[in-house]
Amino acid sequence: MSAVEDRIAELGLTLPGVAAPVAAYIPAVRTGPYVYTSGQVPLVEGKLPLTGKVGAEVTADEAKDLARTCALNALAAVKSVVGDLDRVVRVVKVVGFVASAPDFTGQPGVVNGASELLGEVLGDKGVHARSAVGVAVLPLDAPVEVEIQVEVEG
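Residue 10 is where the sequence shown starts when you use this note's numbering, and the numbers rise one by one after that.
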């Protein structure tokens with residue numbers, strides 16, 4: 010197991026298998042030293058633990074936890090392309106989409122769940138640029154979706 014996966018285990022988490030695509034795309038692609046993931050929804054064992062809009066059916070705290078799951082799923086997608094998460098040089102960019110009730114404005118706090126997980130797992134390599142975007146609806150009625158871009162060695 011890699012040092013990154015050891016750290017994931019120390020946090021009481023498990024790196025999941027890569028979620029099967031629900032449309033015509035692949036979970037991650039590498040070009041040069043970069044890996045770009047497709048948007049990852051918070052699937053756990055193939056199911057969404059919660060659905061709906063943040064600020065309505067889903068609380069901001071629940072959505073923040075779901076964003077952590079999205080980031081973990083994104084790391085699994087990266088591993089599927091590079092084989093070893095210890096090859097990650099740094100997370101370059103995180104984009105988080107939050108299915109939001111019309112009056113919900115806490116998207117940055119929700120996406121902090123993903124950002125904080127990446128920092129906990131990767132340390133300084135997890136520090137990144139980021140966007141947090143409110144949207145009307147996401148695939149499968151997911152409350153949150155996260156994509157990451159990472160630089161890898163070799």
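Cβ atoms here follow ideal geometry from the backbone N, Cα and C, with glycine treated the same way.
Item: Anticipated Cβ contact below 8 angstroms, residue 160 with residue 91, distance rounded; Value: No, residue 160 and residue 91 are not in contact; Cβ-Cβ is about 11 angstroms, not under 8 angstroms.
Item: Nearest to residue 100 (by Cα), restricted to the options 151, 123, 74; Value: 123
Item: Minimum C-alpha distance to residue 162 - residue among 34, 35, 44, 69; Value: 44
Item: Same chain, Cβ closer than 6 angstroms to residue 96, five either side skipped, listed in chain order; Value: 161, 162
Item: Test item: CB-CB of residue 120 and residue 76 under 8 angstroms; Value: yes
Item: Same chain, Cβ closer than 7 angstroms to residue 61, neighbours up to 5 away in sequence not counted; Value: 67, 150, 152
Item: Backbone secondary structure at residue 46 - three-state DSSP; Value: strand
Item: Anticipated Cβ contact below 8 angstroms, residue 106 with residue 154, distance rounded; Value: 4 angstroms
Item: Status (buried if at least 16 other CB within 10 Å, exposed otherwise) for residue 55; Value: exposed
Item: Assigned exposure category for residue 127 - 16 Cβ within 10 Å defines buried; Value: buried
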